[in-house]
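The working numbering puts the first residue of the sequence shown at 1, with every later residue one more than the last. Heads up, the beta-carbon is just placed ideally off N, CA and C, and yes, glycines get one too.
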Amino acid sequence: MPLSLLTVNVGAPSVDRAQRQLRWLAARPEEVLVLTETKATAGSELLAKAFSSAGYLVTFPEHSKGELGVMIVSKLAAEVDPVGAALDYLPARAAGIVVDTEDGPLRVVGAYVPSRDATLEKTERKKTWIDRFHAALDTTSSDTPVLLLGDLNVLEPGHQPAHRGQFAQFEYAFYEALTERHRLTDLFRNLHPDRVEHSWARRPELGYRYDHAHASSAVVERLLSCEYVHETREAAADGSRLTDHSGLAVRVSLCAKRTLLTSDPAMAVDALNEPEPTLF
Numbered sequence: 001m002p003l004s005l006l007t008v009n010v011g012a013p014s015v016d017r018a019q020r021q022l023r024w025l026a027a028r029p030e031e032v033l034v035l036t037e038t039k040a041t042a043g044s045e046l047l048a049k050a051f052s053s054a055g056y057l058v059t060f061p062e063h064s065k066g067e068l069g070v071m072i073v074s075k076l077a078a079e080v081d082p083v084g085a086a087l088d089y090l091p092a093r094a095a096g097i098v099v100d101t102e103d104g105p106l107r108v109v110g111a112y113v114p115s116r117d118a119t120l121e122k123t124e125r126k127k128t129w130i131d132r133f134h135a136a137l138d139t140t141s142s143d144t145p146v147l148l149l150g151d152l153n154v155l156e157p158g159h160q161p162a163h164r165g166q167f168a169q170f171e172y173a174f175y176e177a178l179t180e181r182h183r184l185t186d187l188f189r190n191l192h193p194d195r196v197e198h199s200w201a202r203r204p205e206l207g208y209r210y211d212h213a214h215a216s217s218a219v220v221e222r223l224l225s226c227e228y229v230h231e232t233r234e235a236a237a238d239g240s241r242l243t244d245h246s247g248l249a250v251r252v253s254l255c256a257k258r259t260l261l262t263s264d265p266a267m268a269v270d271a272l273n274e275p276e277p278t279l280f
């Protein structure tokens, strides 16, 4: 069976929104979920506890108070990837697992690159994180192929619309360095050279392709599909949305060696919320 993965920005959810996200995620077919914009709050904790209680492998690095990060949820047996330990600045914003496949190990790395505004503080924060993330990838580099997924908060140089003036050269350089420095190919653009598609939008006509999947050549050779899942941004009858980002689903013709025994995490969260039984 092809290996399937999904990344989606969950937007530091409230408990109510996390419960709705949990039901949606539990119904998805993907074996590995890379959730970005997680936070050390009750909503993200609910997702982590529900999936863990249902038998999933959950990689949820410790988040400092107020800081955002990444959570990886896997139906597959895996080891912890070293990239998280190698990142020494805002470390909750990257995490990884190593999945054993019939073709050898595969590194799955999730990242949530800091956003910024026009202030020097936020700009330097983003620059520093990018530099340290590059170093973490360099330090942990090996012959094992990498699949990087997440909200990178950068645009490709030829992005349409161009959003001129909103992004600095160091941000475009980060996107380019993923290929030039780390030899990782943009999977969506590899399959769809000319398609204009967005994963977040300030207004319908002002979209941004922030959420990405990049991979080593060994993964590109096995790539079956890479498609955005826009239903996460669609409004329900009450006007609510699961999140303001589209998901990005990837399928590759690699077969994992061992799948975990899991149950429905939506049922698990119900059990977590039940009161302790009394003995009288």
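TODO: Grab the span of the beta strand (DSSP E) containing Y172 for me, first residue to last.
DONE: The sequence position of residue 172 within the sequence shown is 172, counting from 1. Where Y172 is concerned, there is no enclosing beta strand (DSSP E), although the alpha helix (DSSP H) it sits in stretches over Q169 to E180.
Task: Same chain only: Cβ atoms within 6 Å of L90, ignoring 5 sequence neighbours per side - done: Here residue 90 refers to the residue found at position 90 of the sequence shown. So the list reads W129, once near-sequence residues are dropped.
TODO: Taking only the alpha-carbon atoms, compute the straight-line gap between A111 and A177 and give it to the nearest angstrom.
DONE: Within the sequence shown, residue 111 is the residue found at index 111, counting from 1. Within the sequence shown, residue 177 is the residue found at index 177, counting from 1. Those two C-alpha atoms are separated by around 15 Å.
Task: A249 beta carbon less than 8 Å from that of E227 - done: Locating residue 227 in the sequence shown gives position 227, where the first residue counts as 1. Locating residue 249 in the sequence shown gives position 249, where the first residue counts as 1. A249 sits close to E227, with the two beta carbons spaced by under 8 Å.
TODO: Please go through the stretch 13 to 81 and give each complete beta strand (DSSP E) segment of 3 or more residues, from N-terminal end onward.
DONE: You should have 32 to 39, 57 to 59, 68 to 74 and 78 to 80.
Open item on the list: Quick check on the DSSP output: the alpha helix (DSSP H) that includes N190 runs from which residue to which?
Closed with: Locating residue 190 in the sequence shown gives position 190, where the first residue counts as 1. It spans L187 to L191 - the alpha helix (DSSP H) in which N190 sits, taken as one unbroken run.
- [ ] Name the residue from G104, V99 and D88 whose alpha carbon lies nearest to the alpha carbon of F133.
- [x] Here the question's residue 133 lines up with position 133 in the sequence shown. Comparing Cα-Cα distances from F133 to each of G104, V99 and D88, the minimum goes to D88.
TODO: Output the distance between the C-alpha atoms of V34 and V146, rounded to the nearest integer angstrom.
DONE: Residue numbering aside, residue 34 sits at position 34 when the sequence shown is read from its first letter. Residue numbering aside, residue 146 sits at position 146 when the sequence shown is read from its first letter. Roughly 14 Å between the two C-alpha positions.
TODO: Pull up the distance between the alpha-carbon of G158 and that of R164, whole angstroms please.
DONE: Along the sequence shown, read from residue 1 onward, the residue named residue 158 stands at position 158. Along the sequence shown, read from residue 1 onward, the residue named residue 164 stands at position 164. Rounded to whole angstroms, G158 to R164 spans 11 Å at the Cα level.
Task: Proximity of G96 and G84 at Cβ, strictly below 8 Å - done: Residue mapping note: residue 96 aligns to position 96 of the sequence shown, counting from 1. Residue mapping note: residue 84 aligns to position 84 of the sequence shown, counting from 1. Their beta carbons are under 8 Å apart, which means G96 touches G84 by this criterion.
Open item on the list: Please state whether the Cβ-Cβ distance between R107 and D81 is less than 8 Å.
Closed with: Here residue 107 refers to the residue found at position 107 when the sequence shown is read from its first residue. Here residue 81 refers to the residue found at position 81 when the sequence shown is read from its first residue. Judged by their CB atoms, R107 and D81 are nearer to each other than the 8 Å cut-off.
Task: For S199 and S240, believed in contact at Cβ under 8 Å, the rounded distance - done: Here the question's residue 240 lines up with position 240 in the sequence shown. Here the question's residue 199 lines up with position 199 in the sequence shown. With a contact defined as Cβ atoms closer than 8 Å, S240 and S199 miss out at about 19 Å.
Task: Whole beta strand (DSSP E) elements within the stretch 205 to 267, 3-residue minimum - done: For the stretch 205 to 267, the continuous beta strand (DSSP E) assignments of 3+ residues that do not extend past its boundaries occur at 206 to 208, 211 to 215, 223 to 229 and 247 to 252, in sequence order.
Open item on the list: Could you tell me the alpha carbon to alpha carbon distance between A77 and R195, rounded to whole angstroms?
Closed with: Looking up residue 77 in the sequence shown gives position 77. Looking up residue 195 in the sequence shown gives position 195. About 35 Å.
Task: Given L6 as reference, the closest of K127, T139, P193 and L25 once Cα atoms are compared - done: Here residue 6 refers to the residue found at position 6 of the sequence shown. Ranked by how close their Cα comes to the Cα of L6, the residues K127, T139, P193 and L25 have L25 in first place.
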